[in-house]
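K.L.:
For the sequence shown, counting from 1, position 153 maps to 348 in the numbering used here; every step adds exactly one. Here a beta-carbon is modelled for each residue, glycine too, at the ideal position from N, C-alpha and C. Note that the structure is predicted; figures quoted are calculated from it, not measured. Please find one structure pasted underneath; my questions will follow.
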Amino acid sequence: MHTNNFGSNKEFVVSPLATVDELETTHCKDYIQRFLNGQQSEKEQRNVGFPWSREGVDRALSSVGGTLAAACSVCDELERRNIESSSSSGLEMPPWAAHVAGGTHHAFYDYGEGFSVFSDIAVAANVVLQRYPALIKRILIVDLDVHQGNGNAVLFQDRSEVTTVSFQCEGNYFSEKQKSDLDVELPIGCNDATYLMTLHHWLKRIEKLAGPDFYDLIFYQAGVDILEDDRLGRMNISAKGVQRRNELVYDFARRLGIPLVIVWEVDTHGMQMIGVPLSTHTLRSTSRPTSIFAGQPKTPEVLHIE
Ligand SMILES: [Zn+2]
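Okay, here's the thing in structure tokens:
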């Protein structure tokens, strides 16, 4: 694994590719093999939104691999802190890591749509539940992309270890609406005040119901297509509003002391997004990350985060 240092407290790491075993925790064997070998039908490719290519396979595998690596780095750090807990102050920020090319939340067990071949969050969640059984027993997914996390909603429908929370624009479903554990619909043209008030309300409710020891890990799908200038988003949230949104989630994690894995789907919403202050803010406002994973193999230099 190559490592690049971008500044003193952020370590960028090129995402590893997910393995077939890791994908099989979540997706159908036959579906995985057909995708890896370029045997998908035209209709399947159309649903995903891009034609099959060798690069596309690497892209899909690194997207899952990056989120999984971020999750594992958080769990490893958690393990380390548990071992050294006698010297910890108890006020330490929970470990966190970010992946800038994840968030493919429209992938199902045996099909994909909306630029999502595999669900990076679902695979990462399933793998860490298996790999860190003593540490990770219950996971919360907070999906604040403008679209519903429909794939994850279905993948975890009957799984009590994983709670899915999805905020979405009521007029902007990718395909059929699915049922998350908590779905919150926001109106078309939703502004900062409405959005932030609603998010604050629901995070407080979750905090009250769950308490500090219920969840062991949070995956935060921090999609930025709620922005007012997103072509397809249909919401009206300012850049400041998105920063505030992120802060609400980070404060929530901090108050409850729950480790956090942050993912964006940078590719589907334009690489330029990574250059705006949102990402810089995301990195700065929660203190020192464990690591930040770049999703594209060999191209971490395209990230303009300072
Ligand atoms: Zn989206």
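Could you tell me which residues DSSP puts in a beta bridge with S311?
P.N.:
According to DSSP, S311 bridges with E308.
K.L.:
State the Cα-Cα distance for the pair F351 and E423, rounded to the nearest angstrom.
P.N.:
Whole-angstrom Cα-Cα distance: 31 Å.
K.L.:
In the structure shown, what three-state DSSP assignment does F414 receive?
P.N.:
Residue state, collapsed to three classes: strand.
K.L.:
Would you mind giving the Cβ-Cβ distance between G366 and H300, rounded to the nearest angstrom? I have them listed as a contact below 8 Å.
P.N.:
Not a contact, Cβ separation roughly 18 Å.
K.L.:
Using three-state DSSP, classify D420 as helix, strand or coil.
P.N.:
If DSSP states are grouped into helix, strand and coil, D420 belongs with coil.
K.L.:
For N321, which residues in the same chain have their Cβ closer than 8 Å to its Cβ, ignoring the five residues on either side in sequence?
P.N.:
So the qualifying residues of the chain are T220 and T221.
K.L.:
Can you name, in chain order, every residue of its own chain whose Cβ lies under 8 Å from the Cβ of Y368, other than the five neighbours on each side?
P.N.:
Counting only Cβ-Cβ distances below 8 Å, and skipping sequence neighbours, we find H342, Q343 and N345.
K.L.:
Going by DSSP in three states, I432 sits in which element: helix, strand or coil?
P.N.:
Residue state, collapsed to three classes: strand.
K.L.:
Under three-state DSSP, which class holds S370?
P.N.:
Coil, per DSSP.
K.L.:
For S258, count the other beta carbons within 10 Å of its own beta carbon; 16 or more makes it buried, fewer makes it exposed. Which is it?
P.N.:
With 16 or more other Cβ atoms within 10 Å, it is buried.
K.L.:
By the DSSP assignment, the alpha helix (DSSP H) with Q228 in it spans what residues?
P.N.:
Q228 -> alpha helix (DSSP H) spans K224 to L231.
K.L.:
Name, in chain order, the residues that DSSP records as bridge partners for F447.
P.N.:
F447 pairs with nothing; no bridge assigned.
K.L.:
Is it the case that the Cβ atoms of Y410 and I457 are separated by a distance below 8 Å?
P.N.:
No, these two residues do not count as a Cβ contact at 8 Å.
K.L.:
To which residues does DSSP link V337 through a beta bridge?
P.N.:
In the DSSP output, where bridge partners are listed per residue, V337 has V360 and Y415.
K.L.:
Using three-state DSSP, classify V208 as helix, strand or coil.
P.N.:
Strand at V208.
K.L.:
Tell me whether Y304 is buried or exposed, calling it buried when 16 or more other Cβ atoms sit within 10 Å of its Cβ.
P.N.:
With fewer than 16 other Cβ atoms within 10 Å, it is exposed.
K.L.:
With ligand 1 as the reference, list in chain order each residue whose Cβ lies under 6 Å from any of its heavy atoms.
P.N.:
Here the residues come out as D340, V341, H342, G418 and D420.
K.L.:
Taking all protein chains shown into account, decide if T463 is buried (16 or more other Cβ within 10 angstroms of its Cβ) or exposed.
P.N.:
Low local confidence applies: a pLDDT of 39 at T463 is under 50, so the model's placement there is unreliable, with the coordinate-based value given in what follows. Classification of T463: buried, given that the 10 Å Cβ count is 16 or more.
K.L.:
Would you mind working out which of A405, I316 and S361 sits nearest T262, comparing C-alpha positions?
P.N.:
When each option's Cα is compared against that of T262, the closest is I316.
K.L.:
Within 8 Å, do at least three Cβ pairs link the stretch 402-421 to the stretch 441-453?
P.N.:
Result yes; three or more Cβ-Cβ pairs closer than 8 Å.
K.L.:
May I ask you to report which of helix, strand or coil DSSP gives H158?
P.N.:
Here the chain comprises residues numbered 196 to 501, so residue 158 is not present and cannot be evaluated.
K.L.:
Assign G406 to one of two classes, buried (16 or more other C-beta atoms within 10 Å of its C-beta) or exposed (fewer than that).
P.N.:
Flag for G406 reads exposed.
K.L.:
Sorted by chain position, which residues of the same chain lie with C-beta nearer than 8 Å to E274's C-beta, five sequence neighbours on each side aside?
P.N.:
For E274, where only same-chain residues beyond five positions count, the Cβ hits under 8 Å are Y327 and L330.
K.L.:
CB-CB under 7 Å to T393, same chain, minus the five flanking residues each way: which ones, in chain order?
P.N.:
Same-chain partners within the cutoff: V379 and L381.
K.L.:
Answer with buried or exposed for N277, where buried requires no fewer than 16 other C-beta atoms within 10 angstroms of its C-beta.
P.N.:
N277 is exposed by the Cβ-count criterion.
K.L.:
What is the C-beta distance between V269 and A292, in whole angstroms, given that I count them as a contact (C-beta under 8 Å)?
P.N.:
Contact holds; Cβ gap of about 5 Å.
K.L.:
Does DSSP classify E219 as helix, strand or coil?
P.N.:
DSSP places E219 in coil when its eight states are reduced to three.
K.L.:
The beta strand (DSSP E) that contains E380, what's its start and end?
P.N.:
E380 -> beta strand (DSSP E) spans L377 to L381.
K.L.:
Grouping DSSP H, G and I as helix and E and B as strand, with all else coil, what is I457?
P.N.:
Reduced to three states, the DSSP call for I457 is strand.
K.L.:
Short of 8 Å in beta carbon distance, which residues of its chain neighbour V437, apart from the five on each side in sequence? Order them along the chain.
P.N.:
Counting only Cβ-Cβ distances below 8 Å, and skipping sequence neighbours, we find V419, I421, L422 and L473.
K.L.:
Whole-angstrom Cβ separation of R429 and I383, contact assumed at under 8 Å?
P.N.:
Indeed they touch by this definition, with Cβ atoms about 5 Å apart.
K.L.:
In angstroms, rounded to a whole number, what distance separates the CA positions of L218 and Q373?
P.N.:
Cα-Cα distance, rounded: 22 Å.
K.L.:
Answer yes or no: do C385 and I336 have a C-beta to C-beta separation smaller than 8 Å?
P.N.:
For C385 and I336, no; Cβs fall outside 8 Å.
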